Amino acid sequence: MTPAPATSSSPLAVDGEGARWAYRADIDGLRAVAILLVVSYHVWFGRVSGGVDVFLMLSAFFLTRGFLRRMAGPSPVRPVTHLLGIFRRLLPAAAVTLVGVLVTVWLVYPETAWRAVWEQTWASLFYVQNTLLAVDAVDYYARSQALSPLQHFWSMSVQGQAFVLWVVLLAACQWIVRRRGVSADRVVGVVFGTVFVLSFVYSVIRTATAQQAAYFDTGARLWEFAAGSLLVVALPHLRLGRVAGAVVGWTGLAALLVLGMVLDVRGGFPGFLALWPVLCAAAIVAAGAPDGRGAGPARMLASRPLRALGRNAYALYLVHWPVLITFLVVNDREEVGVVGGIGIVALSLLLARVLTRVVDAPLRGWRRSDRSPLVPLAIVAAAVSVVALPVGAWQATTWARERAVEARATVMNPGAGVLRDPALAEIPADAPVLPLPTLLEAEWQQSDRGCTGEWETQTAILNGTCGETEHITRARRTVAVIGDSHAQQISAALFPAAADNGWAVVSLIKGGCSMGLDEPGLDDQCDQWREESLELVERVRPDAVLTVLTRSDPGEDDEQLRPGIERFLDRMQDAGIPVLGVRDNPRFAYDMFECVIGAEDPRDCAAPRSASLADRNPAEVLADRPGLSLLDLTPWICPDDLCVGVIGNVAVYRDDNHLTRSYARTLAPNLSEQLPERLG
């Protein structure tokens with residue numbers, strides 16, 4: 230392409246071709262504005278601002294500009310070396326941040342947070358944190374987890390993945406340009422124009438159908454990077470006079486500043502709404518100039534304070550989120566307030582400056598003084614090792630402790646067994662309560678495998694929600710557990726009984742979707758999932774189904790039958806399938822597990838049974854229904870009408886409303902006593 234001729238009124242000062250390669254102080258200032266938006270919205274408003282979208286676009290802008298400038302010249306870019314150079318620049322500061330977070334978590338965070346932080350540390354180190362968070366975003370069982378001090382690494386993971394793809398695509402463009410003699414601008418424009426269109430269409434569709442997962446989806450974000458690459462190609466052809474440049478630049482800046490107030494960025498991105506910050510950033514860049522002249526915002530953005538902050542923007546992004554989340558965790562707060570927020574921002578600015586000066590600046594100097602390709606490789610390897618060694622050692626040490634405790638669990642952790650045999654109450658004083666906090670996430674009862682044979686289904690909505698025990702084809706009886714997470718948790722008491730009697734257990738479980746057919750589900754797929762599950766049960770006709778009939782409440786509402794549970798019972802009765810109807814367990818207004826591990830005496834966390842459960846089991850009105858057997862484990866969950874957090878040195882609850890698998894398994898003998906004889 231032929232560069233656009235310069236005019237005296239153009240804010241580009243020199244010819245457009247020279248302007249796009251020149252240092253742009255105003256873009257450093259734009260980075261400062263973007264990071265200020267990110268930090269302020271995170272700290273004071275609990276929202277996101279669109280500043281990250283600006284960073285994503287600008288990162289591709291600079292990467293493409295560096296490649297494009299040398300693509301047809303005598304010194305083409307070496308892709309592998311260039312890619313190593315990128316991660317040489319990014320990884321050291323990220324590694325230091327990760328180590329700092331590990332130390333902080335070890336010192337002040339509850340042990341329940343450790344395992345999630347380990348997992349996210351590895352994910353962040355290898356640039357897949359966004360994938361992990363996308364899974365958690367649609368995972369019912371991850372919904373109760375507190376915010377992680379590493380959650381913000383999702384955007385760097387997206388950026389790292391995009392950088393790898395961009396280097397591959399730009400290397401291919403470079404090969405075409407040098408082999409075919411085609412215009413570099415034209416090749417890059419076609420390639421990244423195609424990426425823009427494909428990714429944008431995918432992003433709009435994905436955001437409309439699964440927004441929470443789309444937010445972290447690299448594929449749904451690539452068009453933002455592509456916009457930065459296309460801006461490099463278009464920049465020489467954008468002829469903005471003094472007035473037009475001022476209007477475009479100030480409009481873009483003003484629109485960027487109000488974006489977070491006008492749009493729900495976290496809940497609506499990255500579909501077509503993300504065009505807003507991308508176009509704002511493009512307008513500011515297009516209206517700017519290397520020399521900062523003109524009536525637009527370039528002069529302000531190129532000011533010394535904003536340029537200084539722009540140089541620390543990456544480090545500030547790295548540190549501000551861990552500082553914020555740690556403040557909330559240590560102070561057990563949900564908001565920081567004005568004074569707390571000022572302190573968080575001040576500390577973040579200080580840490581960012583230190584991180585840039587101590588880590589980033591020396592490595593930049595080393596790059597200039599030593600051009601050996603082994604240098605970036607050594608730096609990347611060292612950065613990975615600095616994180617991998619401590620987190621690996623921490624995990625290994627904890628794993629060894631967990632195995633040692635589990636080996637003595639039969640003696641030291643009888644759970645509900647102490648209510649059946651008081652002799653078991655002689656527990657050593659130093660015996661730890663199970664489950665250990667680091668194993669809390671493993672406290673969901675899981676099936677041995679996915680459903681097979683007659684239980685196998687091709688219905689998409691049932692995928693991942695149907696599981697079964699092994700040896701199902703040789704089982705004497707089959708019991709299907711169906712419903713939500715409360716049905717799942719009580720199945721931990723059924724599994725030992727089933728194993729003792731040679732029964733198979735099939736689980737049809739979807740979090741938030743009970744068999745109260747008129748009860749609102751957690752998501753809009755519940756009704757369809759319920760119907761498909763019921764049709765499968767009616768077709769296979771197991772020897773019995775187990776589900777939870779009532780719903781307790783930690784507030785002022787009384788425990789009651791689940792709305793629509795009678796319609797479920799009618800369908801099972803019509804199909805001739807007996808029902809094992811379980812009474813719900815208590816729920817609390819606080820996290821019982823967190824309370825007992827933090828209390829000097831776990832009994833301080835106890836609550837009266839009447840605070841959550843009705844005086845009588847509401848399901849008793851259904852007792853005369855043919856084929857229905859009522860199961861009530863309340864006496865062994867709330868002995869003497871007091872719901873305590875620890876029984877027999879086992880934590881009863883994993884959160885504010887779910888039983889731990891460890892305790893539910895100790896309820897197996899009590900459940901077996903209530904099962905109807907016809908199942909024997």
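Sequential numbering of the sequence shown, starting at 230, is according to my numbering.
Cβ atoms here follow ideal geometry from the backbone N, Cα and C, with glycine treated the same way.
Note that the structure is predicted; figures quoted are calculated from it, not measured.
#1: Give me the Cβ distance between P837 and L871, rounded to the nearest whole Å; I'm assuming they're in contact under 8 Å.
#2: Is the beta carbon of C742 closer than 9 Å to that of G712?
#3: Contact criterion: CB-CB distance below 9 Å. Does L547 meet it with respect to chain D?
#4: From A852 to R703, what does the alpha carbon distance come to, in whole angstroms?
#5: What's the C-alpha gap between L798 and T776?
#6: Between V416 and A544, what straight-line distance do the alpha-carbon atoms span, to the nearest angstrom?
#7: Please go through the same chain and pick out, in chain order, the residues whose beta-carbon is closer than 6 Å to the beta-carbon of T627, but skip the five residues on each side of it.
#8: Would you report the Cα separation of E785 and E697, rounded to the nearest angstrom?
#9: Counting pairs of Cβ atoms below 8 Å between the region 446-462 and the region 424-431, do you hit three or more?
#10: Mind checking V568: buried by the 16 CB within 10 Å criterion, or exposed?
#11: Please state whether DSSP places R407 in a helix, a strand or coil.
#12: Can you tell me whether V559 is buried or exposed, with buried defined as 16 or more other CB within 10 angstroms of its CB?
#13: Excluding sequence positions up to five away, which residues of its chain have a Cβ less than 6 Å from the Cβ of V346?
#14: Going by the beta-carbon positions, is the gap between L331 and M385 smaller than 9 Å?
#15: Work out the CA separation of P792 and M744 for me, nearest whole Å.
#16: Going by C-alpha distance, which of F501, M529, A503 is nearest I513?
#17: What would DSSP say about E697, mapped onto helix, strand or coil?
#18: Could you give the C-beta distance for I754 and A893, rounded to a whole number, given that I count them as a contact under 8 Å?
#19: What does the Cβ neighbour count give for P905, buried or exposed, with the cut at 16 atoms within 10 Å?
#20: Beta-carbon within less than 6 Å of W343's beta-carbon, same chain only, minus the 5 sequence neighbours each way: which residues are those?
#21: With the cut-off set at 9 Å, would you say L737 and T694 are in Cβ contact?
#22: Helix, strand or coil for R372? Go by DSSP, reduced to three states.
#23: My output table needs one value for Q831: the three-state DSSP class, helix, strand or coil.
#24: Apart from the five residues on each side of it in sequence, which residues of its chain come closer than 7 Å, Cβ to Cβ, to P898?
#25: Looking at A581: is its Cβ nearer than 9 Å to the Cβ of N541?
#26: Sort out for me which residues DSSP pairs Q349 with in a bridge.
#27: Counting only the same chain and skipping the five closest in sequence on each side, list residues whose C-beta sits under 8 Å from that of I573.
#28: Of all the options F382, L492, E683, which has the alpha carbon lying nearest to the alpha carbon of L362?
#29: Between L259 and S278, is the Cβ-Cβ spacing less than 9 Å?
#30: Classify F291 as buried or exposed, calling it buried when 16 or more other Cβ atoms lie within 10 Å of its own Cβ.
#31: Could you check where the alpha helix (DSSP H) with V769 kicks off and where it finishes?
#32: Do A322 and V949 have their beta-carbon atoms positioned less than 9 Å apart in this structure?
#33: If distances are taken between C-alpha atoms only, which option among Q440, Q624, V811, W395 comes closest to G457?
#34: Using only CA atoms, which one of G750, R832, Q358 lies nearest to G877?
#35: Going by C-alpha distance, which of G422, Q440, D677, L399 is nearest V364?
#36: Ends of the alpha helix (DSSP H) at I806?
Inspection of the coordinates gives the following:
#1: About 6 Å separates the CB atoms of P837 and L871; that is less than 8 Å, so the two are in contact.
#2: Yes; because the gap between Cβ atoms is below 9 Å, this pair is in contact.
#3: The displayed structure is made up of one protein chain only, and chain D is not part of it.
#4: Roughly 32 Å separates the two Cα atoms.
#5: About 10 Å.
#6: Their Cα atoms are separated by approximately 34 Å.
#7: Same-chain partners within the cutoff: T667.
#8: Separation of E785 and E697 (C-alpha to C-alpha, rounded to the nearest whole angstrom) is 38 Å.
#9: At 8 Å Cβ cutoff, the stretches touch.
#10: V568 comes out exposed.
#11: If DSSP states are grouped into helix, strand and coil, R407 belongs with the helices.
#12: Exposed, by the Cβ-count rule.
#13: Here V346 has V334 as same chain residues with Cβ atoms under 6 Å from its own Cβ, once five neighbours each way along the sequence are excluded.
#14: No, Cβ-Cβ distance for L331 and M385 is not below 9 Å.
#15: Those two C-alpha atoms are separated by around 9 Å.
#16: Comparing Cα positions, the closest option is M529.
#17: Assignment of E697 by DSSP, reduced to helix, strand and coil, places it in the strand class.
#18: Contrary to the premise, residue 754 reads as Gln rather than Ile in this sequence. About 27 Å separates the two Cβ atoms, so there is no contact after all.
#19: Burial call: exposed.
#20: For W343, where only same-chain residues beyond five positions count, the Cβ hits under 6 Å are T667.
#21: In this structure, T694 lies closer than 9 Å to L737 by Cβ.
#22: Because the pLDDT at R372 is just 47, under 50, the model does not fix this residue reliably, and the value given afterwards should be weighed accordingly. If DSSP states are grouped into helix, strand and coil, R372 belongs with coil.
#23: Looking at the sequence provided, one finds Pro at residue 831 rather than Gln. Helix.
#24: Counting only residues of its own chain and dropping the five nearest sequence neighbours on each side, P898 has a CB closer than 7 Å to the CB of R649.
#25: The answer is yes: Cβ separation under 9 Å.
#26: For Q349, DSSP records no beta bridge to any residue.
#27: Correct list, in chain order: V272, H549, V552, L553, F556, V565.
#28: Ranking the options by Cα distance to L362, first place goes to F382.
#29: Contact flag unset, no.
#30: With fewer than 16 other Cβ atoms within 10 Å, it is exposed.
#31: For V769, the enclosing alpha helix (DSSP H) starts and ends at 755-769.
#32: A question about residue 949 goes unanswered here, because the residues of the chain that appear run from 230 up to 909.
#33: That would be W395, whose Cα lies nearest to the Cα of G457.
#34: Out of G750, R832, Q358, R832 has the C-alpha closest to the C-alpha of G877.
#35: The shortest Cα separation from V364 among G422, Q440, D677, L399 belongs to Q440.
#36: Where I806 is concerned, there is no enclosing alpha helix (DSSP H), given that its DSSP letter is neither H nor E.
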